[in-house]
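Report on the structure given below.
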Amino acid sequence: MRKLTCALLCLLMILSTAFCLTACKSRTDEMADQEIYTEKQMNKMKNKVIKCINEQDKEGLKKLFSKDAQKHIEDLDGKLDQLIVTFDGNKIESEQGSGTDFEGSTDAQPLHIYGDYVLKLSNGKEYTLFISFCDRDDENPDKKGLIQIDLRTFSKEETPKGFHGGVYKDDYALSVHTLENAQ
């Protein structure tokens, strides 16, 4: 009887260890899948934003913003005009991201995705572009879409001391910062 109890105890320990190890692995896999998913979604959104800017497509850019953001961004049409005019016909030739971040998950919505990019323009200038959007929100579908575009018409090296941008990552905003208005 004692041997049987000991054998059952050992079997239970082996099974529980195996269960814990597979559970940890699946959580790690889930997080990796989430990172891949958010990176893919950010690339899609970034490419749409850049395409609209390069084509000077104000209406296309406006449609990328969530319905809720369209209601809450004061003078959105004027700010979209300002954004497009800022490029002065120069095309974005390349972009380099410094990373994508996210809050939420497919299980715990809403899922917000954030990214920032250094843009190289056809005239040789560098701008910095911050994008924030809500990818999923089943309970509030009007909140799905772009939340924020923040453009800085200067490189990171040229950023004025003490400049912090002006908006928080979940604020509805469309901002264009120049060296003149950033100081």
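Position in the sequence shown counted from 1, then plus 252, gives you the numbering used here. Just so it is clear, CB atoms sit at the ideal spot from N, CA and C, and this is done for glycine as well.
Asked: Close Cβ partners of V301 (< 8 Å) along its chain, the five nearest in sequence each way excluded; Found: L313, L316, L381, I383, L398, I401
Asked: C-beta atoms of D387 and Q286 nearer than 8 Å; Found: no
Asked: Residue nearest to N342 in terms of C-alpha spacing, selected from P412, E409, H429, T405; Found: T405
Asked: Rounded C-alpha distance that separates E366 from S350; Found: In the sequence under discussion, the amino acid at residue 366 is Tyr, which differs from the Glu named in the question. Roughly 11 Å between the two C-alpha positions.
Asked: D437 classed as buried or exposed, judged by whether at least 16 other C-beta atoms fall within 10 angstroms; Found: This structure cannot speak to residue 437, because the chain is shown only from 253 to 435.
Asked: Enclosing alpha helix (DSSP H) for I325 [first to last residue]; Found: Per DSSP, I325 belongs to no alpha helix (DSSP H) and is neither H nor E.
Asked: Assigned exposure category for L363 - 16 Cβ within 10 Å defines buried; Found: buried
Asked: Bridge partner(s) assigned by DSSP for S346; Found: K372
Asked: Assigned secondary structure, G417 (DSSP; H/G/I helix, E/B strand, else coil); Found: coil
Asked: Cβ-based burial, I305 [other Cβ within 10 Å; buried from 16]; Found: buried
Asked: Euclidean distance between Cα positions of K296 and T257; Found: 58 Å
Asked: T405 (DSSP reduced to helix, strand or coil); Found: coil
Asked: Simplified DSSP assignment, three categories, for D394; Found: helix
Asked: Residue-chain proximity (K300, chain D), Cβ-Cβ < 8 Å; Found: Of the chains in the structure shown, none is chain D; there is only one protein chain.
Asked: Run of the alpha helix (DSSP H) containing E311, from where it starts to where it stops; Found: 310-316
Asked: Span of the beta strand (DSSP E) around F382; Found: 378-388
Asked: Buried/exposed call for A284, threshold 16 Cβ in 10 Å; Found: exposed
Asked: Given S427 as reference, the closest of E307, Y289, Q308, T338 once Cα atoms are compared; Found: T338
Asked: Exposure of H416, with buried meaning 16 or more beta-carbon neighbours within 10 Å; Found: exposed
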